[in-house]
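Enquirer: Numbering (UniProt numbering), first residue to last: 1 to 248.
1) In chain order, what are the residue ranges of uninterrupted beta strand (DSSP E) at least 3 long that sit wholly in the region 210-240?
2) Does the distance from the CB of residue 50 to the CB of residue 20 come in under 8 Å?
3) Anyone know if the C-beta pair for residue 110 and residue 74 falls short of 8 Å?
4) State the Cα-Cα distance for the pair residue 68 and residue 113, rounded to the nearest angstrom.
5) Starting from the C-beta of residue 156, find all residues in its chain whose C-beta is less than 6 Å away, skip the five residues before and the five after it, and write them out in chain order.
6) Please work out which residues of its chain come closer than 7 Å, Cβ to Cβ, to residue 162, disregarding the five sequence neighbours upstream and downstream, and give them in chain order.
7) For residue 266, collect the residues of the same chain with a Cβ closer than 7 Å to its Cβ; drop the 5 residues on either side in sequence, then sort them by chain order.
8) Could you pull the start and end residues of the beta strand (DSSP E) that residue 9 belongs to?
9) Could you compute how far the alpha carbon of residue 25 sits from the alpha carbon of residue 56?
10) In angstroms with no decimal places, state the Cα-to-Cα distance between residue 64 and residue 76.
11) Determine the DSSP secondary structure at residue 2, reduced to helix, strand or coil.
12) Rounded C-beta distance between residue 10 and residue 42? I'm assuming under 8 Å.
13) State the start and end residues of the unbroken alpha helix (DSSP H) segment that holds residue 107.
14) Checking the sheet assignment: what are the DSSP bridge partners for residue 74?
15) Decide if residue 17 is buried, meaning its Cβ has at least 16 other Cβ atoms within 10 Å, or exposed.
16) Going by Cα to Cα distance, which pick from 212, 232, 7, 59 is closest to residue 87?
17) With distance defined between alpha-carbon atoms, name the residue in 66, 235, 223 nearest to residue 207.
18) Taking the C-alpha atoms as reference points, what is the distance between residue 99 and residue 37?
19) Where does residue 106 land, buried or exposed, given buried means 16+ other C-beta within 10 angstroms?
20) Roughly how many whole angstroms lie between the Cα atoms of residue 8 and residue 81?
21) Do residue 231 and residue 214 have their C-beta atoms within less than 8 Å of each other?
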């Protein structure tokens, strides 16, 4: 598509030559936005050299109108042919676009407008807000807080069966000392253990696929096939016997 431009006072006159389709619409819209960035606010598009419109061209016109409405500006169209008028009517664009049968009427309408550059207004408002903003104030903490005081240590891995046995016969002094040294860790472990002890687990026996309901960790025996297994606190299962293999 070829774009011919001229100026009528403060109005940029644009005369597109060609079809407004999926190939030409992005370039047409990009050109108008670039001229808006250069300071143009009033556009007159003379459409007598546009033979017809495609759906992408309709979307381009709608996007252009929304862009100017949001940022400040106005566009008028003139000299549509009958086929383009019909297409615009099918998409309901006759009432939303400012279309005129003659170029002169479009110029008169644009000349009567007072366009506000909303983008520059927003910039001025933001600058004035920055000037009125109170200066930053910094406060220092009387004591530095180390990162270790804000995080909990990593939860330890589960003990083995031998460690469980030795823990049961060992004195309670190391445990009390650990609770005194790491009170946050001890409280966290107690809370997790309390939650797990009240939650019911649903397990499936790997041998006979029976559905088992278990609440506490420990050693269990499947009532269906008799296989024994250990359930740890994390929900892991360790079978003590060889799994039964169903014959093929």
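All C-beta atoms in this analysis are idealised placements derived from N, C-alpha and C, irrespective of residue type, glycine included.
Expert: Per the coordinate set shown:
1) 211-214, 218-221, 228-231, 237-239
2) The criterion of a C-beta distance shorter than 8 Å is satisfied by residue 50 and residue 20.
3) For residue 110 and residue 74, yes; Cβs fall inside 8 Å.
4) 13 Å
5) Since pLDDT at residue 156 reaches only 35, below the 50 mark, its modelled position is unreliable, and the value read off the structure follows with that caveat. Within the same chain, residue 156 has no close Cβ partners at all.
6) Annotation note: pLDDT 49 at residue 162 (below 50); position unreliable, coordinate value reported separately. Cβ within range, chain order: n/a, list empty.
7) The question about residue 266 has no answer here: the residues shown for the chain are numbered 1 through 248.
8) Per DSSP, residue 9 belongs to no beta strand (DSSP E) and is neither H nor E.
9) 7 Å
10) 11 Å
11) strand
12) 6 Å
13) 103-111
14) According to DSSP, which records beta bridges pairwise, residue 74 is partnered with 42.
15) Counting the other Cβ atoms within 10 Å of the Cβ of residue 17 gives fewer than 16, which makes it exposed.
16) Among 212, 232, 7, 59, the Cα nearest to that of residue 87 is on 59.
17) Checking every option, the nearest Cα to that of residue 207 belongs to 223.
18) 24 Å
19) buried
20) 23 Å
21) yes
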